[in-house]
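Line order of the protein sequences matches chains A and B.
Take the first sequence: its position 34, counted from the start at 1, is 18 in my numbering, and no numbers get skipped.
Take the second sequence: its position 41, counted from the start at 1, is 411 in my numbering, and no numbers get skipped.
Using N, Cα and C, we set each Cβ at its ideal position, and we do this for glycine too.
Fair warning: this is a prediction, and the values are worked out from it, not measured in the lab.
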Amino acid sequence: MASKYFQQILEESPAESKIFVKKYLDIVDRIHELLEKKGLKQKDLAQRLGKQESEISKWLNGEHNLTLRTIAKMEAILEDDIISIPNSVDSFLEEPILKGR
Amino acid sequence: MNTFVVEVFLSLPKVTFYTVRWDEQNESETDRFLFKYNGKPQQKSQLQDLVNLINEIGEHRGAKQIYFDRSANEASELPPKRPITIDNEIVHFQLNQLRLFCNRISDQIVVLFNGGLKTSQKTQDSEDLSMKFREAQVFSRKIWNSIKTKDIIVQEHLLLNPNGGEILLY
């Protein structure tokens, strides 16, 4: 027997819920893509951020809010954009002051 | 413990979500979870996020391991550090305080159980949640044992009874 309530709850949910979830998963995917590209594990990212691995897990799994500041810190370590804004003035790689950090 | 049925909860392009239902009950454990928290104004928006999360994974992305948090195992009997991955590992969907326990069988199959609200730092300190987690562990162990003994067949995005009919476990 398929769910009685799932579709109804989904249809009643506001657009922001769908957008939030999509962007959150996009960020999780992107972070893992960059970790793999740099040959790093989650624990390496944690170490470089001066955090416990469990805290990184909580960021990536939604238990703790992922703030813009946190994303910026991760971008600095991963040396690439996790998020980018269309028509933004500079992306990470075009900002020379950030290279080498 | 009574018998329970493993049945399809939601069939989406990338993932088939199954659930469990006690044989004498009309509603699955996952529907009971949805019904309960959809009726609570303080958790409604959290539930909507959870439902959208399941939908997004099922519609577009597949049940990738990276989406599932393992911290639920802090309440399990497993040691915190282990050299191998245990198949019947209970994980959970979360974006907030609501926890829906589940077992990821593959990128294409997830079994959903029940869950609750995390009201303290550790699952085992939230009484209702702890009980639901223990139930999920029992369901999961029986499902995985049945997969190992081929009483349940895993075929791409489906769980099948080799003898046909519904999957009924004891």
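In chain C, which residues lie with their C-beta within 8 Å of the C-beta of residue i?
i: Glu394/B; result: The structure shown has no chain C; the protein chains it does contain are A and B.
Counting only beta-carbon separations shorter than 9 Å, does residue i have a partner in chain B?
i: Ala30/A; result: no
i: Leu33/A; result: no
i: Ala(-14)/A; result: yes
i: Ile(-7)/A; result: yes
i: Val12/A; result: yes
i: Leu44/A; result: yes
i: Leu9/A; result: yes
i: Lys2/A; result: yes
i: Lys25/A; result: no
i: Lys86/A; result: Residue 86/A is absent from the model: chain A starts at -15 and stops at 85.
i: Pro89/A; result: Outside the displayed span of chain A (-15 to 85) sits residue 89/A, for which this structure offers no information.
By DSSP, does residue i sit in helix, in strand, or in coil?
i: Ser(-13)/A; result: coil
i: Gly534/B; result: coil
i: Tyr540/B; result: coil
i: Asn484/B; result: strand
i: Phe438/B; result: coil
i: Ile523/B; result: strand
i: Glu426/B; result: helix
i: Val508/B; result: helix
i: Ile475/B; result: coil
i: Thr400/B; result: helix
i: Leu50/A; result: coil
i: Leu420/B; result: helix
i: Glu(-5)/A; result: helix
i: Pro453/B; result: In this prediction, Pro453/B has a pLDDT of 37, which is less than 50 and means its spatial position is unreliable; what the coordinates show is noted afterwards. Of the three classes helix, strand and coil, the one that applies to Pro453/B here is coil, per DSSP.
i: Glu497/B; result: helix
Nearest CA to the CA of residue i: which residue from the options?
i: Asn49/A; options: Phe509/B, Asn466/B and Lys414/B; result: Asn466/B
i: Thr386/B; options: Asn515/B, Val376/B and Thr489/B; result: Val376/B
i: Thr389/B; options: Ala(-14)/A, Lys21/A and Leu24/A; result: Ala(-14)/A
i: Gln478/B; options: Lys502/B, Leu423/B, Arg431/B and Asn408/B; result: Arg431/B
i: Ile424/B; options: Gly535/B, Thr373/B and Thr400/B; result: Thr400/B
i: Gly486/B; options: Gln395/B, Asp393/B, Ile475/B and Leu417/B; result: Leu417/B
i: Ala60/A; options: Leu29/A, Gln(-9)/A, Lys2/A and Leu(-6)/A; result: Leu29/A
i: Val480/B; options: Ile427/B, Ser496/B, Leu468/B and Pro411/B; result: Ile427/B
i: Lys488/B; options: Pro411/B, Ile523/B, Arg469/B and Arg504/B; result: Arg469/B
Quick check on residue i - is its C-beta less than 9 Å from some C-beta in chain A?
i: Val378/B; result: yes
i: Glu399/B; result: no
i: Val421/B; result: yes
i: Gln418/B; result: yes
Could you give the distance in angstroms between the alpha-carbon of residue i and the alpha-carbon of residue j?
i: Lys518/B; j: Arg511/B; result: 11 Å
i: Ala433/B; j: Val73/A; result: 36 Å
i: Phe403/B; j: Asn71/A; result: 43 Å
i: Phe405/B; j: Tyr(-11)/A; result: 7 Å
i: Ser554/B; j: Asp64/A; result: Only positions 371 to 540 of chain B appear in the structure, and residue 554/B is not among them; the question remains open.
i: Ser516/B; j: Pro532/B; result: 11 Å
i: Asn396/B; j: Lys21/A; result: 48 Å
i: Lys27/A; j: Gln435/B; result: 16 Å
i: Gly534/B; j: Ala56/A; result: 53 Å
i: Lys7/A; j: Asp393/B; result: 39 Å
i: Lys35/A; j: Lys520/B; result: 43 Å
i: Ser490/B; j: His527/B; result: 36 Å
i: Lys33/A; j: Thr373/B; result: What sits at residue 33/A in the sequence shown is Leu, not Lys. Spanning the two alpha carbons is a distance of roughly 48 Å.
i: Asn422/B; j: Val378/B; result: 18 Å
i: Glu37/A; j: Tyr437/B; result: 16 Å
i: Ile523/B; j: Ser381/B; result: 17 Å
i: Ile513/B; j: Leu44/A; result: 28 Å
Exercise for the section: Scan the stretch 6 to 42 of chain A and note each continuous alpha helix (DSSP H) run of 4 residues or more that stays entirely inside, going in chain order. Expected result: 26 to 33
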